[in-house]
Amino acid sequence: MKPAHESSARPVITAQKRRRNGRSWLGLIGLAIVLFWLAMALLGPSISPYDAGAIVDVDVFSGISRKFWLGTDYLGRDMLSRILFGTRYTIGLALAATLLACSVGTAIALFAALTGGWVDALISRVLDALISIPSKMFALLMVATFGSSVWLLILTAAITYMPGSYRIVRSLAVNIQTMEYVQAARARGEGVLYITCVEMLPNMIGPVLADMGLRFVFVVLLLSGLSFLSLGVQPPDADWGSLVRENISGLGEGATAVIMPALAIAMLTIGVNLLIDNLRGKRARKD
Amino acid sequence: MNGMVGRLILRRLALGVLTLFLVSVGVFFITNLLPGDAAQTALGQAATPETVAALRLQFGLDLPAPLRYAHWLFGLLSGNPGISLVNNSPVAQMIAGRLPASLLLAGVTAAVSVPLALVLGITSAMYRGSWFDRIVNVTAVSLVSVPEFLVATIAVMLFAVKLRWLSALSHTSDIATFGQFVKAYAMPVMTLCCVIVAQMSRMTRAAVIDQLRSSYVEMALLKGVNPTRIVLRHALPNAIGPIANAVALSLSYLLGGVIIVETIFNYPGIATLMIDAVTTRDMPLVQACSMIFCAGYLLLVLAADVLAILSNPRLRNR
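For the protein sequence lines, the chains are C and W, in the order given. When we follow numbering that gives the first Met the number 0, the leftmost residue of the first sequence carries the number 0, and every step to the right adds one. When we follow numbering that gives the first Met the number 0, the leftmost residue of the second sequence carries the number 0, and every step to the right adds one.
If you want it as structure tokens, here you go:
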């Protein structure tokens, strides 16, 4: 920090302290939201009051009531149950795609960074070119060509967000490679596998996890957007995006069935964002 | 302008053309990955082998892939991207009917969102750390991490259902007065603006704050220049480049938003045309629409880069 700022250091520190407390608070809320939805993804179908497909009310688009906590949908099905059943699709697909994108991205990035030279340059250029197709366009092209299915959605989202993961991990790896402990391991004659797994990966796990969370949010938004266009998860299965779509005719009368699944998505994505922000804050404080 | 800037811009333009070419290869490659055949799809299951063969010949499907690509690219460049498989009308004609509506929507959105985002971004940079800055920041972060259709549905709930100011989901083609225009466009534009303004104001704020941290601003501060003047006269002129860059980049986010917004409001634009084409798997139409979207996107990114080059004072007067 420049000496000019030194004189005003005291009030800044108290303000920062307040910010830190605010931060960890929000982080806890984020963590609670994420854990809640993960639990719902696992337990949802077994604790939901009705079956997802069961028509339980003669009233369609009914509002919030004691019997139907989140109202009913366009066929008179219980919205709460449909959202709980949809959790598995929204979170499961996004989680699978994110894990695939990040693990493949990380593996290629480590390979490129360790090999270096023209291999590194070639891989980087090719993946840069992949980014120049906007993600929604790429997804639409894939769905148009192959038709929509669960596997295609996972694959499409994974391909879309893999280059971003590659970029982050590669830049981290290039920096870490020059560290003394990596060079010491090299000098000791450790193998490539040892160096990547024991020396490099543990030292980049923080940023990689934060990046994964961010990517998870992107994937959730992409897939629910596709489902909203009725090009994602196909009926009778439904994720939260499909739930918004199938009830869109109730929008004009202000049905809760349209807004609730959309709010569920927002709650999840904002929760993940809060959590990552807090993790990042912690790291910044350590440095 | 001098030789250095000119060379850099020319290089960037050439790179843009090359990228567009690669994207066209990508689009053609993806849409041709499936071994299935457009002629068979177009004629359906009941077609005889002879008619399929005849149509294959007509579509040029008997040619090898590189030749078909060259043919397609040439058609695209000469304004004839083929015939729709679904209703047999020229793709160019279908797109020409829808493109102006989408461009109008995007134009109105840009005209509303850019000034709004600049004012929000600059004021929150001026009063950074204040409650105003925090509210703008939290709202922007939430808007970016929320699906576009949530913003749209909340807008409809609020303005059409609760307040009854605007009618929900009706897009009338007979717009005669300015009032009708505002009524028809208010909600789609508002929804798109939410997403764009959030992006743009955050990037603007960052650009201005970046300048406020520099030593010449500190100098002005120590001289006793008042804060408003520091921002408007000292920081802002130097932040114009990054801000213009941010504006162009944010506008490229319009693309994703437009697809959702046109669908939710039943807007007769090119995005709904493409969604219909994807649903019916009308490949020539899908290819042409996606090329238009990609070209628009690349153009905005290109504009962002060129503006960044042009506004870099270190490259000027050399």
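From the three backbone atoms N, C-alpha and C, an ideal C-beta is built for every residue, glycine too. The model shown is predicted, which means the values in this text are computed figures rather than measured ones.
When DSSP reads this structure, C/T71 sits in a beta bridge with C/D77.
Restricting attention to W/S310, W/T203 and W/L17, the CA atom closest to the CA of C/D127 is found in W/L17. Burial is judged here by how many other beta carbons sit within 10 angstroms of a residue's own beta carbon; W/P114 has fewer than 16 and is exposed. Under the Cβ distance rule, C/F110 does not count among the residues neighbouring chain W, no pair being separated by less than 8 Å.
For W/P267, the secondary structure class from DSSP, reduced to helix, strand or coil, is coil. In the same chain as W/F292, and ignoring 5 residues on each side of it, the C-beta atoms closer than 7 Å to its own belong to L254, in chain order. Secondary structure at W/P89: strand, using DSSP grouped into helix, strand and coil. Identification of chain W residues near C/S131 by a Cβ-Cβ cut-off of 9 Å yields T18, L19, L21, V22, G25, C293, Y296, L297 and V300, ordered along the chain. Counted as a single uninterrupted DSSP element, the stretch harbouring C/T195 is not any alpha helix (DSSP H), since DSSP gives it neither H nor E. At a cut-off of 8 Å, the C-beta of W/V85 has no neighbouring C-beta in chain C. Taking 9 Å as the upper bound on Cβ-Cβ separation, chain W lies near no residue of the segment 46 to 72 of chain C. When Cβ-Cβ separations below 8 Å define contact, W/G255 makes contact with chain C. Closest in C-alpha terms to C/G62, from the list C/L208, C/G26, C/F145 and C/L79, comes C/L79.
Interface residue (Cβ-Cβ distance to chain W less than 8 Å): C/L113 is not classified as such.
Nearest to C/Y73 by alpha-carbon distance, out of C/A254, C/D236 and C/A263, is C/A254. A residue is called buried when at least 16 other Cβ atoms come within 10 angstroms of its Cβ; C/F35 does not meet this threshold and is exposed.
Within chain W, no residue has its CB atom less than 7 Å from the CB of C/I153, the nearest being about 17 Å off. At least one C-beta of chain W is nearer than 8 Å to the C-beta of C/S223. Looking at the backbone, the Cα of W/T227 and that of W/T262 are separated by about 43 Å. The segment 256 to 263 of chain C and the segment 272 to 279 of chain W do not touch, with fewer than three beta-carbon pairs separated by less than 8 Å. Think of a sphere of 8 Å around the beta carbon of C/G29: no beta carbon from chain W falls inside it, the nearest being about 11 Å out. In chain order, F148 and I259 make up the part of chain W whose C-beta sits under 7 Å from the C-beta of C/F227.
Annotation for W/T152: I263 place their beta carbon closer than 8 Å to its own, counting only its chain and skipping 5 residues before and after. Taking a C-beta distance under 8 Å as the contact criterion, W/A247 and W/A159 do not qualify as a contact pair. Listed along the chain, the chain W residues whose CB falls inside 9 Å of the CB of C/G188 amount to none; the nearest CB is some 42 Å away. In the three-state DSSP reduction, C/I158 falls in the helix class (H, G or I). For C/I153, the three-state secondary structure derived from DSSP is helix. Bounds of the alpha helix (DSSP H) holding W/T190 are F177 to L211.
In this structure, the CA atom of C/R81 is about 29 Å from the CA atom of W/L162. Of all C-beta pairs linking the segment 222 to 240 of chain C to the segment 205 to 212 of chain C, fewer than three are shorter than 8 Å, placing the two stretches out of contact.
Restricting attention to beta strand (DSSP E) runs no shorter than 3 residues, the segment 73 to 132 of chain W encloses none. Distance from C/G75 to C/D58 at the Cβ level is roughly 6 Å; contact confirmed, criterion being Cβ atoms closer than 8 Å. Considering only beta carbons, the part of the segment 240 to 254 of chain W lying closer than 7 Å to chain C consists of L254, in chain order. DSSP, reduced to helix, strand and coil, places C/I54 within a strand of the structure shown.
Relative to the Cα of C/Y88, the nearest Cα in the group C/T105, C/T195, C/L99 and C/Q233 belongs to C/Q233. With a cutoff of 8 Å on beta-carbon distance, C/Y165 and C/A108 are scored as near each other.
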